[in-house]
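Visitor: Quick one: the structure is below, and I'll ask about it shortly.
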């Protein structure tokens with residue numbers, strides 16, 4: 002079994018508030034650590050009523066403070082929204098506080114809508130400078146050779162591991178060129194997954210960061226005692242994606258018994274395609290689904306996403322998956 006990790010979207014449930022969402026995320030991080038998960042990441046999203054991790058580096062620090070050994074990181078920071086120096090200072094500080102435990106995944110998308118992008122005071126063309134910004138950021142984590150007039154303090158010499166995230170071929174090519182690990186967002190955009198992985202592995206150049214390709218694949222996983230129970234829990238994600246298509250986003254909805262009466266055929270088709278990299282079911286169903294994904298992708302690590310309304314059911318799902326590690 003490859004290492005298992007978690008992307009926690011820090012959902013604000015319908016009827017709850019950000020405080021509860023962040024408390025639930027701490028529970029998930031503690032459970033993940035005790036169950037042997039390799040890392041837990043949170044992601045930068047702005048103006049999403051259902052997600053409480055907009056201040057991503059702050060949330061990472063909070064989770065790190067409540068755990069002892071599990072790696073905590075960003076999956077990811079949307080670098081076009083920020084100065085590379087500021088991100089280096091933030092993650093250099095996190096690495097200084099929690100040495101050997103911090104990851105920095107970088108994405109090129111804004112993680113929000115165009116109106117919110119303007120509110121962030123960022124240039125809409127900043128994503129075009131993403132490769133240069135990544136290279137600049139990497140230099141801030143290097144040792145101080147007294148050659149840089151601008152230094153990240155804290156930051157320099159911390160060597161925070163940097164990942165390139167992506168859902169297209171662009172990120173694969175950049176990660177390969179820079180010799181960095183690559184994480185693909187197949188949990189919501191699986192269309193180019195296999196082609197992107199192939200390009201990354203073929204074009205990879207060994208670097209001081211990594212000597213051979215390393216691929217992490219995003220996968221929605223909901224495990225329960227029965228297939229029916231898991232499919233019921235999965236309806237929260239299905240509703241959430243239907244709302245995205247309707248442009249009626251809200252807080253994360255509770256599951257419903259009849260998803261077919263909730264969405265139209267067109268919504269079902271599009272949302273199901275976006276969620277096609279999902280393994281939902283009982284222990285045996287999840288086991289077979291993960292084996293299939295690993296055979297198909299040859300992934301070096303799985304980043305699992307368990308989007309479940311009830312926190313106890315979410316932790317139970319994590320337990321079932323963790324127990325499969327020795328069997329898969």
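In our numbering, the protein residues as written are 2 to 329. Heads up, the beta-carbon is just placed ideally off N, CA and C, and yes, glycines get one too. Nothing here was measured: the structure is a model prediction, and the numbers come from that model.
1. Sort 201, 160, 297 and 163 by Cα distance to residue 178 and report the nearest one.
2. I'd like to confirm the pairing. Which residues does DSSP put opposite residue 224 in its beta bridges?
3. Please name the residue in 45, 50 and 70 whose C-alpha comes closest to that of residue 58.
4. Please classify residue 166: does DSSP put it in a helix, a strand, or coil?
5. In three-state DSSP terms, what is residue 92?
6. Return the chain-ordered ranges of every alpha helix (DSSP H) run that is complete within the stretch 189 to 251 and spans a minimum of 4 residues.
7. Check whether the stretch 158 to 171 and the stretch 247 to 261 touch, using three or more Cβ-Cβ pairs below 8 Å as the test.
8. Measuring straight from C-alpha to C-alpha, what distance separates residue 84 and residue 92?
9. What residues are listed by DSSP as bridge partners for residue 306?
10. Roughly how many angstroms lie between the CA atoms of residue 102 and residue 265, to the nearest whole one?
11. I'd like to confirm the pairing. Which residues does DSSP put opposite residue 79 in its beta bridges?
12. What do you reckon, are the CB atoms on residue 1 and residue 223 nearer than 8 Å?
13. Assign residue 158 to one of three DSSP states: helix, strand, or coil.
14. Less than 7 Å between the CB of residue 164 and some heavy atom of the ligand FAD, yes or no?
15. DSSP on residue 102, reduced to helix/strand/coil?
16. Measuring alpha carbon to alpha carbon, tell me which residue in 37, 16 and 11 is nearest residue 26.
17. Across the stretch 285 to 292 and the stretch 189 to 207, are there enough close Cβ pairs to call them in contact, namely three or more that are closer than 8 Å?
Guide: Result, derived from the coordinates:
1. Your numbering for residue 178 matches position 177 in the chain shown. Closest option to residue 178, Cα to Cα, is 201.
2. Working through the chain shown from its first residue, we reach residue 224 at position 223. Answer is 282, bridged to residue 224.
3. In the chain shown, counting from the first residue as 1, residue 58 sits at position 57. When each option's Cα is compared against that of residue 58, the closest is 45.
4. Numbered from 1 along the chain shown, position 165 holds the residue referred to as residue 166. In the structure shown, the three-state DSSP call for residue 166 is strand.
5. To locate residue 92, count along the chain shown from 1; it is residue 91. Three-state result, residue 92: helix.
6. Fully contained in the stretch 189 to 251 are the following alpha helix (DSSP H) runs of length 4 or more, in chain order: 194 to 204 and 228 to 247.
7. These segments do not touch.
8. Working through the chain shown from its first residue, we reach residue 84 at position 83. Working through the chain shown from its first residue, we reach residue 92 at position 91. Cα to Cα, residue 84 sits roughly 13 Å from residue 92.
9. In the chain shown, counting from the first residue as 1, residue 306 sits at position 305. DSSP, once it has assigned bridges, lists 221 as partnering residue 306.
10. As a first step, residue 102 is located in the chain shown; it is residue number 101 there, counting from the start. As a first step, residue 265 is located in the chain shown; it is residue number 264 there, counting from the start. If I take the Cα positions, the gap works out to 44 Å.
11. For the purposes of this step, residue 79 is identified with residue 78 of the chain shown, where counting begins at 1. Under DSSP, the beta-bridge partners assigned to residue 79 are 108.
12. The requested residue 1 is not part of the displayed model; the chain covers only 2 to 329.
13. The residue given as residue 158 occupies position 157 in the chain shown. Coil at residue 158, not helix or strand.
14. This structure lacks the ligand FAD, and indeed carries no ligand of any kind.
15. Residue numbering aside, residue 102 sits at position 101 when the chain shown is read from its first letter. Reduced to three states, the DSSP call for residue 102 is coil.
16. Position 25 of the chain shown, counting from 1, holds the residue named residue 26. Nearest of 37, 16 and 11 to residue 26, Cα basis: 11.
17. Verdict: no, contact absent.
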